[in-house]
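**Student:**
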Amino acid sequence: MSTSAIQRRTEVRAHDAGAPPLRRAAGKRRDTLHGWGFAAPFLAFFLVFLVWPLVYGAYMSLTGKSLTGANGTLIGLANYAEAFGDADMWRSMGNTVYFTVISTVPLVLVALALAALVNLGLPAQWLWRLSFFAPYLLASTVVSLFFTWMFNPQLGLINDFLAAFSIAPVAWLNDPNVAMWSIVIATLWWTVGFNFLLYLAAMQNIPQQHYEAASLDGAGSWRKFFSITLPQLNPTTALIVMLQILASLKVFDQIYQMTAGGPAGSTRSIVQYIFETGFTGYRLGYSSAISFIFFGLIVVLSIGQFFVTRKRSA
Amino acid sequence: MNRVNGYNSSNTHGMSRRQLMMGGGALLGGLLGAGALSGCGGPAAAATAEQLKFWHLLSGGDGIKMQGMIDKVNAAQHEFHVDPTVLAWGAPYYTKLAMASAGGRPPEVAIMHAARMPGYAPGGLLDPWDLSLLAENGIRPTDFAPRVWKGGELDGKVYSLALDSHPFILMYNTEIAQKAGVLASNGQLQPVDSPAGFLDVARELQKATGKHGLSYGYLGDGAQMWRMFYTFYKQHGADMVLAQGQPAQVDRDVAITVLEFITSMLDDTIATRSGDGGTAIAEFAGGGSGMLFSGVWELPTMKTAGIPLEAMPIPTLFGTPAAYADSHAFVLPHQSSLDEAKRRDVYKFVSDILKGSLAWAEAGHIPAYQPVVTSAEYEALMPQAHYAGAADIINYDPQAWFTGSGSDFQSYFAENVQNVFLGRDKASVGWDAFIKRLDTLLSKPNPV
Amino acid sequence: MATQTLARPSRTTPAAPARRSRKKFPVARVAATAVVAVFAVIWLVPFAWATATALKSETEAAATPISWVPASGFTFDAFAKVLSEGNIPLWTWNSLFTSAAITAITLAISALAAYALSRIEFRGKKLLMGAIIGSIIIPPPVLMIPLFYQMLSLHLIDTYWAIILPQVIAPAMVFVLKKFFDQIPRELEDAARVDGAGRLRIFWLIVLPLSRPILAAVAIFVFIGAWNNFLWPFIATNDSSLLTLPVGLQTIKSAYGIQYAQNMASALLAALPLIVVFLFFQRQIVKGISTTGLAGT
Numbered sequence: 272m273s274t275s276a277i278q279r280r281t282e283v284r285a286h287d288a289g290a291p292p293l294r295r296a297a298g299k300r301r302d303t304l305h306g307w308g309f310a311a312p313f314l315a316f317f318l319v320f321l322v323w324p325l326v327y328g329a330y331m332s333l334t335g336k337s338l339t340g341a342n343g344t345l346i347g348l349a350n351y352a353e354a355f356g357d358a359d360m361w362r363s364m365g366n367t368v369y370f371t372v373i374s375t376v377p378l379v380l381v382a383l384a385l386a387a388l389v390n391l392g393l394p395a396q397w398l399w400r401l402s403f404f405a406p407y408l409l410a411s412t413v414v415s416l417f418f419t420w421m422f423n424p425q426l427g428l429i430n431d432f433l434a435a436f437s438i439a440p441v442a443w444l445n446d447p448n449v450a451m452w453s454i455v456i457a458t459l460w461w462t463v464g465f466n467f468l469l470y471l472a473a474m475q476n477i478p479q480q481h482y483e484a485a486s487l488d489g490a491g492s493w494r495k496f497f498s499i500t501l502p503q504l505n506p507t508t509a510l511i512v513m514l515q516i517l518a519s520l521k522v523f524d525q526i527y528q529m530t531a532g533g534p535a536g537s538t539r540s541i542v543q544y545i546f547e548t549g550f551t552g553y554r555l556g557y558s559s560a561i562s563f564i565f566f567g568l569i570v571v572l573s574i575g576q577f578f579v580t581r582k583r584s585a
Numbered sequence: 015m016n017r018v019n020g021y022n023s024s025n026t027h028g029m030s031r032r033q034l035m036m037g038g039g040a041l042l043g044g045l046l047g048a049g050a051l052s053g054c055g056g057p058a059a060a061a062t063a064e065q066l067k068f069w070h071l072l073s074g075g076d077g078i079k080m081q082g083m084i085d086k087v088n089a090a091q092h093e094f095h096v097d098p099t100v101l102a103w104g105a106p107y108y109t110k111l112a113m114a115s116a117g118g119r120p121p122e123v124a125i126m127h128a129a130r131m132p133g134y135a136p137g138g139l140l141d142p143w144d145l146s147l148l149a150e151n152g153i154r155p156t157d158f159a160p161r162v163w164k165g166g167e168l169d170g171k172v173y174s175l176a177l178d179s180h181p182f183i184l185m186y187n188t189e190i191a192q193k194a195g196v197l198a199s200n201g202q203l204q205p206v207d208s209p210a211g212f213l214d215v216a217r218e219l220q221k222a223t224g225k226h227g228l229s230y231g232y233l234g235d236g237a238q239m240w241r242m243f244y245t246f247y248k249q250h251g252a253d254m255v256l257a258q259g260q261p262a263q264v265d266r267d268v269a270i271t272v273l274e275f276i277t278s279m280l281d282d283t284i285a286t287r288s289g290d291g292g293t294a295i296a297e298f299a300g301g302g303s304g305m306l307f308s309g310v311w312e313l314p315t316m317k318t319a320g321i322p323l324e325a326m327p328i329p330t331l332f333g334t335p336a337a338y339a340d341s342h343a344f345v346l347p348h349q350s351s352l353d354e355a356k357r358r359d360v361y362k363f364v365s366d367i368l369k370g371s372l373a374w375a376e377a378g379h380i381p382a383y384q385p386v387v388t389s390a391e392y393e394a395l396m397p398q399a400h401y402a403g404a405a406d407i408i409n410y411d412p413q414a415w416f417t418g419s420g421s422d423f424q425s426y427f428a429e430n431v432q433n434v435f436l437g438r439d440k441a442s443v444g445w446d447a448f449i450k451r452l453d454t455l456l457s458k459p460n461p462v
Numbered sequence: 703m704a705t706q707t708l709a710r711p712s713r714t715t716p717a718a719p720a721r722r723s724r725k726k727f728p729v730a731r732v733a734a735t736a737v738v739a740v741f742a743v744i745w746l747v748p749f750a751w752a753t754a755t756a757l758k759s760e761t762e763a764a765a766t767p768i769s770w771v772p773a774s775g776f777t778f779d780a781f782a783k784v785l786s787e788g789n790i791p792l793w794t795w796n797s798l799f800t801s802a803a804i805t806a807i808t809l810a811i812s813a814l815a816a817y818a819l820s821r822i823e824f825r826g827k828k829l830l831m832g833a834i835i836g837s838i839i840i841p842p843p844v845l846m847i848p849l850f851y852q853m854l855s856l857h858l859i860d861t862y863w864a865i866i867l868p869q870v871i872a873p874a875m876v877f878v879l880k881k882f883f884d885q886i887p888r889e890l891e892d893a894a895r896v897d898g899a900g901r902l903r904i905f906w907l908i909v910l911p912l913s914r915p916i917l918a919a920v921a922i923f924v925f926i927g928a929w930n931n932f933l934w935p936f937i938a939t940n941d942s943s944l945l946t947l948p949v950g951l952q953t954i955k956s957a958y959g960i961q962y963a964q965n966m967a968s969a970l971l972a973a974l975p976l977i978v979v980f981l982f983f984q985r986q987i988v989k990g991i992s993t994t995g996l997a998g999t
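Residue numbers (this note's numbering), protein chains in the order written: chain A, 272 to 585; chain B, 15 to 462; chain C, 703 to 999.
Here it is in structure tokens:
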């Protein structure tokens with residue numbers, strides 16, 4: 272069947288090439304119609320629920336629009352001016368960047384370490400995959416319920432465990448200096464399995480010849496890991512780091528659920544600040560402006576990442 | 015529970031659910047099935063009655079009491095069935111209520127703090143109560159203390175109907191007071207009418223306990239800081255007006271005096287300098303102090319603790335009797351398409367709850383509906399009856415779209431004043447920063 | 703036959719590493735197993751502790767000193783109570799319905815668009831491709847405010863539609879599908895075209911059947927995302943009867959107050975469906991995530 276298919280294709284091509292210009296133009300028109308026709312359903316959703324909100328959000332950010340519909344008049348860039356002088360906005364932005372840094376590092380390193388260990392050819396791979404990946408399948412609310420309970424100062428398992436080593440109880444979610452770290456611990460447990468899977472898949476794709484050649488040179492496990500595995504994983508690592516940064520910058524769920532941004536605003540993320548100015552403070556216009564400042568940050572980071580990866584692959 | 019009923023009455027849902035649970039659903043299916051079966055035991059009448067969605071933010075002991083009152087109303091008639099949804103106190107609740115009202119399909123009736131009402135009504139998020147319809151159900155303006163009724167009014171319309179008032183009060187331990195010699199012959203705390211007099215009493219109590227004289231928790235809790243501050247601020251007869259477009263009108267000297275007075279109590283002898291709510295309650299409940307500044311809602315906890323308990327309105331130390339308070343009040347979230355029959359049922363439900371609010375008094379709150387407060391049963395309720403008079407001297411938050419229980423206003427107060435209470439900032443510094451924050455808010459157009 | 707030609711060499715999973723290590727480094731392998739096992743135990747502790755708590759009475763759950771096994775024995779009371787009084791079965795249904803609808807619509811519209819981008823030369827294609835790729839970087843939270851306002855204007859707040867509609871746009875998935883379609887030999891389609899089949903027919907009869915693995919991968923990725931999404935459903939719905947499982951759980955936390963056993967029972971019931979599905983379809987899910995997971999950039 273495949274031979275005949277190729278034959279027919281050549282026939283079709285030949286047929287097309289020999290067609291008069293008029294018919295070719297007609298074919299082009301038909302292709303354009305088909306192309307947009309196939310794309311139409313997606314495009315409709317895309318325009319209505321992505322492009323339009325984006326445009327409308329940009330417009331709202333130039334108004335004083337409120338949740339009740341009042342104050343919809345244009346006020347120019349006043350919202351942006353206010354946002355740049357808003358200490359709470361900067362604090363939330365700072366918290367978000369802080370969370371991104373202290374969560375991305377362990378989320379990448381722990382995933383890499385676990386994947387490297389499992390990839391040594393351990394028995395019962397499915398069991399490790401299950402253990403590390405299962406939390407990723409939980410809703411944020413479930414994770415928050417689990418960890419609020421684990422972090423409970425008096426009844427929590429963690430403080431109970433620490434007490435065995437005579438470590439005084441820690442106010443995991445109630446101490447402004449500790450709360451963000453507690454959020455990171457819960458987040459690590461929750462999502463490290465995702466990066467772990469990506470790393471594991473990438474490691475299993477490294478051609479065996481590399482390792483065999485190294486073995487002939489008498490290289491040990493450590494050297495193989497650092498001289499073959501890690502360099503081979505570079506593109507994967509770049510992608511994982513970038514995806515993780517973008518995901519961490521968007522943090523909202525587990526923080527809102529576990530500390531609601533507290534204590535004393537020490538864990539309030541920028542997305543939560545957008546949520547609160549918009550829905551708690553009713554100021555949709557102002558919160559749209561903050562949304563776009565946040566968006567700007569993401570765009571800048573993405574463009575930076577684009578150049579970094581391009582340089583690497585070049 | 016009735017949701018479960020309604021849901022299982024539809025066979026298609028049940029079927030597809032079961033089908034979709036195929037793969038690994040044996041265990042899950044079993045558990046869901048069990049839930050469905052136990053859910054089916056509800057009264058058949060519920061299926062024909064109007065379902066009234068009711069949102070409130072009362073949890074813990076208050077929540078249990080409220081559930082009991084709802085159950086009673088539900089059981090007493092068959093026209094409607096009230097289906098409550100409980101959301102977390104504070105910002106999460108108010109955010110959701112505003113979003114639901116703006117969305118056009120809000121609950122038929124909800125509970126709101128009266129002081130939050132000005133943040134909702136002007137934007138059309140609430141419908142006003144119809145006084146004639148209320149009268150038909152036996153509820154008249156004269157059934158409420160004047161201040162409480164006025165707290166529900168805005169621009170001449172009644173938007174919130176108070177279930178209670180819950181002022182900031184003073185609880186004390188009679189045994190410790192007796193030991194300290196500050197108990198009058200009638201078994202109640204001896205009258206005090208000056209700041210110095212109050213501090214003396216507190217010091218005597220401190221000698222009696224050997225720990226602290228007074229418990230007051232505020233750390234990380236803007237509401238607690240504000241309640242205490244506003245009580246003493248209003249006792250000076252001072253006013254606070256927050257009008258959009260103008261700077262806040264406040265009496266700065268009075269405010270600083272009050273902040274300094276509060277700080278003088280938090281000297282680690284009279285009261286601990288850095289106590290949070292939980293610590294204060296535990297300390298007073300454990301006999302570690304003789305007095306507690308707190309809301310009436312802590313009363314059940316203290317009764318359970320088994321200490322010899324009395325309570326009274328906060329003594330007038332600065333000339334004018336005054337106490338901070340808010341009210342749990344019923345509101346009608348604006349419906350984009352109003353169901354008249356349901357609205358009528360809401361009036362019936364609310365009036366039934368008001369008339370049965372003696373049960374609510376057991377949770378410590380002062381019922382707003384006066385026929386309950388003047389009843390013999392309430393008079394016999396101790397120590398509730400001893401602070402019922404606070405309803406006449408209560409002060410709600412200054413009216414503004416951003417004030418009220420659990421509002422940002424209280425967080426701003428906390429952010430700027432906590433360091434004053436802790437002795438790290440001068441009172442004037444904290445106060446000026448707070449006012450600056452308010453002025454920024456007031457300079458913007460009202461978003462409601 | 704055709705699927706074999708499609709197997710991407712980069713995705714083969716060699717069993718070789720196991721052989722290599724077993725031969726040369728038994729000590730390292732034992733040590734590695736021990737380390738991984740310790741981690742796995744740590745990772746399972748929250749599940750175990752939640753289960754132990756959910757099987758206690760409320761009094762035992764709040765008792766100090768804490769213990770794994772309650773003195774009065776385990777009980778299913780918390781589960782029974784949560785199932786009979788709460789809305790968990792209803793919320794599970796809401797999650798299932800909305801996630802299934804989102805997955806179905808996403809797959810349908812994304813596959814059609816991806817096919818156009820992969821196979822049809824049309825005016826404006828580059829622009830469309832650019833718009834779709836560019837939109838990948840838009841974080842959903844940036845749109846939450848205008849989207850909410852849009853849903854208000856459309857009177858869709860507190861309906862299933864409000865949950866579903868904005869979640870069906872998955873530009874990254876269009877891109878993943880396009881890349882897969884690009885690898886399907888055109889010969890197969892040309893043959894059908896000569897036989898007189900229209901584009902839609904070719905897409906349906908030839909391309910889709912060949913694309914089952916990638917469709918499954920995308921479906922899994924989209925379904926998990928929709929099932930666990932919190933922020934948007936939290937904004938779009940308020941009515942307790944319409945909440946999805948993650949959003950509903952957030953409300954019980956406040957309603958139950960300090961009822962730890964019931965909290966944990968609810969959390970476990972909410973976790974159960976996907977965990978059970980995972981146990982049965984582990985291979986497909988792992989493959990799906992590995993295939994689509996890096997598509998975000």
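Beta carbons are placed, not taken as given, at the ideal position from N, Cα and C, and that holds for glycine.
Only a predicted model underlies this, so the values are computations on that prediction, with no experimental measurement involved.
Using CA coordinates, which residue listed in B:211, B:142, B:397 is at the minimum distance from residue 324 (chain B)?
**Tutor:** If you number the second sequence from 1, residue 324 (chain B) lands on position 310. Checking every option, the nearest Cα to that of residue 324 (chain B) belongs to B:397.
**Student:** Three-state secondary structure (DSSP) at residue 490 (chain A)?
**Tutor:** Mapped onto the first sequence, residue 490 (chain A) falls at position 219. Three-state DSSP puts residue 490 (chain A) in coil, outside helix and strand.
**Student:** Taking DSSP as the reference, what is the three-state secondary structure of residue 70 (chain B)?
**Tutor:** As a first step, residue 70 (chain B) is located in the second sequence; it is residue number 56 there, counting from the start. Correct three-state label for residue 70 (chain B): strand.
**Student:** How many angstroms separate the CA atom of residue 105 (chain B) from the CA atom of residue 497 (chain A)?
**Tutor:** Your numbering for residue 105 (chain B) matches position 91 in the second sequence. Your numbering for residue 497 (chain A) matches position 226 in the first sequence. Distance between the alpha carbons of residue 105 (chain B) and residue 497 (chain A): 51 Å.
**Student:** Do the segment 261–272 of chain B and the segment 169–182 of chain B touch if we need at least three Cβ pairs shorter than 8 Å?
**Tutor:** no
**Student:** What are the residues of the segment 375–393 of chain A that lie near chain C, defined by any Cβ-Cβ distance shorter than 7 Å?
**Tutor:** 385, 388, 389, 390, 391, 392, 393
**Student:** Quick check on residue 872 (chain C): does DSSP put it in helix, strand or coil?
**Tutor:** Sequence index remark: in the third sequence, residue 872 (chain C) carries index 170 (1-based). In this structure, residue 872 (chain C) counts as coil in the three-state DSSP scheme.
**Student:** For residue 916 (chain C) and residue 888 (chain C), I'd like the C-alpha separation in whole angstroms.
**Tutor:** Counted from its first residue, the third sequence places residue 916 (chain C) at position 214. Counted from its first residue, the third sequence places residue 888 (chain C) at position 186. About 18 Å.
**Student:** What does the alpha-carbon distance come out to for the pair residue 77 (chain B) and residue 259 (chain B)?
**Tutor:** Here the question's residue 77 (chain B) lines up with position 63 in the second sequence. Here the question's residue 259 (chain B) lines up with position 245 in the second sequence. Going by the C-alpha atoms only, they are around 39 Å apart.
**Student:** In chain order, what residues of the same chain have a beta carbon less than 8 Å from the beta carbon of residue 81 (chain B), not counting five sequence neighbours either side?
**Tutor:** Residue numbering aside, residue 81 (chain B) sits at position 67 when the second sequence is read from its first letter. Excluding positions up to five away in sequence, the list reads 98.
**Student:** Helix, strand or coil: which one does DSSP assign to residue 235 (chain B)?
**Tutor:** The sequence position of residue 235 (chain B) within the second sequence is 221, counting from 1. DSSP, read as helix, strand or coil, puts residue 235 (chain B) in coil.
**Student:** For the alpha helix (DSSP H) holding residue 439 (chain B), just list the boundary residues, first then last.
**Tutor:** Taking the second sequence and counting its residues from 1, the one referred to as residue 439 (chain B) is at position 425. No alpha helix (DSSP H) holds residue 439 (chain B); DSSP gives it neither H nor E.
**Student:** Output the distance between the C-alpha atoms of residue 839 (chain C) and residue 75 (chain B), rounded to the nearest integer angstrom.
**Tutor:** Locating residue 839 (chain C) in the third sequence gives position 137, where the first residue counts as 1. Locating residue 75 (chain B) in the second sequence gives position 61, where the first residue counts as 1. Computed Cα separation, rounded: 47 Å.
**Student:** Can you grab the Cα-Cα spacing for the pair residue 473 (chain B) / residue 375 (chain B), in whole Å?
**Tutor:** Outside the shown range of chain B, which is 15 to 462, sits residue 473 (chain B), and nothing can be said about it.
**Student:** Residues in the segment 517–531 of chain A with C-beta within 8 Å of chain C's C-beta atoms, listed in sequence order?
**Tutor:** 517, 520, 521, 523, 524, 528
**Student:** Look up residue 366 (chain B) in the DSSP assignment and give the residues it is bridged to.
**Tutor:** Residue 366 (chain B) sits at position 352 when you count from the first residue of the second sequence. DSSP output for residue 366 (chain B) lists no bridge partner at all.
**Student:** Taking the continuous beta strand (DSSP E) assigned at residue 324 (chain B), which residues delimit it?
**Tutor:** Locating residue 324 (chain B) in the second sequence gives position 310, counting from the first residue. Here the beta strand (DSSP E) through residue 324 (chain B) covers 323–327.
**Student:** Identify every residue that forms a DSSP beta bridge with residue 141 (chain B).
**Tutor:** Within the second sequence, numbered from 1, the residue matching residue 141 (chain B) stands at position 127. The partner list for residue 141 (chain B) (beta bridge, DSSP) reads B:346.
**Student:** Residues of chain A with a CB under 7 Å from the CB of residue 109 (chain B): which are they?
**Tutor:** Looking up residue 109 (chain B) in the second sequence gives position 95. Within 7 Å Cβ-Cβ: 550, 551.
**Student:** Quick check: the Cα distance between residue 383 (chain B) and residue 244 (chain B), rounded to an integer number of angstroms?
**Tutor:** Within the second sequence, numbered from 1, the residue matching residue 383 (chain B) stands at position 369. Within the second sequence, numbered from 1, the residue matching residue 244 (chain B) stands at position 230. Rounded to the nearest angstrom, the two C-alpha atoms are 25 Å apart.
**Student:** So what's residue 99 (chain B) in DSSP terms, helix, strand or just coil?
**Tutor:** Looking up residue 99 (chain B) in the second sequence gives position 85. Three-state DSSP puts residue 99 (chain B) in a strand.
**Student:** From residue 979 (chain C) to residue 928 (chain C), what does the alpha carbon distance come to, in whole angstroms?
**Tutor:** In the third sequence, the residue the question calls residue 979 (chain C) occupies position 277. In the third sequence, the residue the question calls residue 928 (chain C) occupies position 226. Whole-angstrom Cα-Cα distance: 15 Å.
**Student:** What is the C-beta distance between residue 118 (chain B) and residue 462 (chain B), in whole angstroms, given that I count them as a contact (C-beta under 8 Å)?
**Tutor:** Taking the second sequence and counting its residues from 1, one reaches residue 118 (chain B) at position 104. Taking the second sequence and counting its residues from 1, one reaches residue 462 (chain B) at position 448. Not really, about 17 Å apart at Cβ, beyond 8 Å.
**Student:** In chain B, what lies closer than 7 Å to residue 342 (chain A) by C-beta?
**Tutor:** On the first sequence, residue 342 (chain A) is found 71 positions in, with the first residue counted as 1. By Cβ distance, chain B contributes 459, 461.
**Student:** Going by C-alpha to C-alpha distance, which of B:289, B:251, B:160, B:157 sits closest to residue 335 (chain B)?
**Tutor:** By one-based count along the second sequence, residue 335 (chain B) stands at place 321. Considering only alpha carbons, the answer is B:251.
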